[in-house]
Each structure stands twice: as structure tokens, then as C-alpha cells.
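Okay, so the sequence shown: first residue is 1 according to UniProt numbering, each after it adds one. C-beta atoms are modelled at their ideal positions from N, C-alpha and C, and glycine is treated no differently. This report concerns only the one structure given below.
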Amino acid sequence: MEFDCSVIPEVCANMCYGAYCLGVGVDLTLDNANKALKRQRRKAAGCAPNPNRCSVKNGAPPGVNCDEYPFASTDIQGTTKSRVNRCVPSGQNSKQGSKIAKFKRKHCPNGCNFEVGFANPNLAADFCPGQYKTFLMSVLAHLTPLSSSMRWHPVELRRGSRRATWARTIREARCQQRAEGAVSSSQVGS
């Protein structure tokens, strides 16, 4: 299931943070959870009960919802990874929810394993891999003399090179800084 980060950048930032910084990953299991189980999963992420930290009653601006990753409709059983939440614009959260519901109806009405993908991750979403590749290509570009002028030449990143280590280091540092508003469920008070 692919999400367009140019359309839902705040939601993508939350998903990428959970997937890549917390290590939940992008391989998820969509199951046939009932409402009670989904509520329990939202609570584990810090998005329930209502009002939650993204509610106007708790000081959040109007027009935002609590978004959880992994989704309330997915099982992360067998892992010690936590769920994460972020206050996101309501419209973006609704678009994500509609996409998940449509995917479930069309591709896995009885539940299935699937992979979350991110289109245009470098346009808006923090913590998504594409952002770091684009950033590194610009940082690692170098000037090369060509006759009497200078030209930019991007340096290709190769697997196993020292530059790949820079990519991991930058991403790890960015994850440590955390996205504003991203909260691990282990840090959410009851």
C-alpha cells in the first residue's frame, strides 16, 4: 500500500518515524480487528481515550487528529516495537484512513500481510529514506574543473561505501531529534 507524501506529509512523517526510527518497519499484517481491539491498539499508541493529546480540550489546535502507526487495523504481535502517534491535520488523517479501508476491501478482505510504501517521500515527509538520499546527493556533490569553468557533479552513493555510513549517521541523528509532535507510546502518560 503506497501513500503519496506530497498529499499527506504530516501523516507520512508519523509513519516514517514509526517505521524507520522506532524500527517497527513497513511490513505489516492487516487483520479483521473488531472495534474493541482497534480501540485497544489506539490506546497503546496514545490516541485513545478521547480526549487525547490532539484534542482541543487538551490544548491542541482545532482541525487536528491523533494518527497512530502502525495503524489500529494492523497487528504487531510478536514484536517489542512500540506504536507512535502524532497530531496531524484531520483531512490528511481522513485520506489515510480512506486509503486503508479501500485497500482492505479490494485486496485483503480476510486480512493479509502487506508493505507500506512512500511516494514522493523527499517532498515533505521527515524520516523517510528518499529525503536522505536527496540530501546526501546535494551534500556530496563536488566541483570539478572543466576547462575554465566549474560544474557540479553528483557523487553516486554505492552500497558499502563510506558515504552509505554517512546516510545512516544522518538518518540516526534526525531520528534522535524526533519530529515535533511524534510521541512513542512508551512515553505517553495514562
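In this structure, does DSSP put residue i in helix, strand or coil?
i	result
C21	helix
L143	Low confidence applies to L143: its pLDDT is 36, below 50, so where it sits in the model is not reliable, and the reading given next is rough at best. Three-state DSSP puts L143 in a strand.
A119	strand
N93	helix
K7	Checking the displayed sequence, the identity of residue 7 turns out to be Val instead of Lys. In this structure, V7 counts as coil in the three-state DSSP scheme.
V56	helix
R158	Bear in mind that a pLDDT of 38 at R158, under 50, signals an unreliable position, so the number given afterwards is only what the model happens to contain. Note: R158 maps to coil in three-state DSSP.
R83	coil
N113	strand
N14	helix
For residue i, count neighbouring Cβ atoms within 10 angstroms of its own Cβ and tell me buried if that reaches 16, exposed if not.
i	result
N85	buried
Q40	exposed
N34	exposed
M15	buried
P70	buried
N93	buried
A19	buried
residue 247	No answer is possible for residue 247: the residues shown for the chain start at 1 and end at 190.
What is the rounded straight-line gap between the Cα of residue i and the Cα of residue j?
i	j	result
S82	R105	27 Å
N58	C66	12 Å
N120	Y17	16 Å
E2	K102	12 Å
A36	S73	11 Å
C112	D27	11 Å
V116	L30	11 Å
I76	N32	13 Å
D51	R42	Per the sequence presented here, residue 51 reads as Pro, with Asp not at that position. If I take the Cα positions, the gap works out to 12 Å.
I100	G91	14 Å
Which residues in the same chain have their Cβ closer than 7 Å to the Cβ of residue i, if we skip the five residues on either side of it in sequence?
i	result
D4	A119 and N120
P89	E10, G63 and V64
V7	K95
Which same chain residues, not among the five before or five after residue i, have their C-beta less than 8 Å away from its C-beta?
i	result
V56	P62
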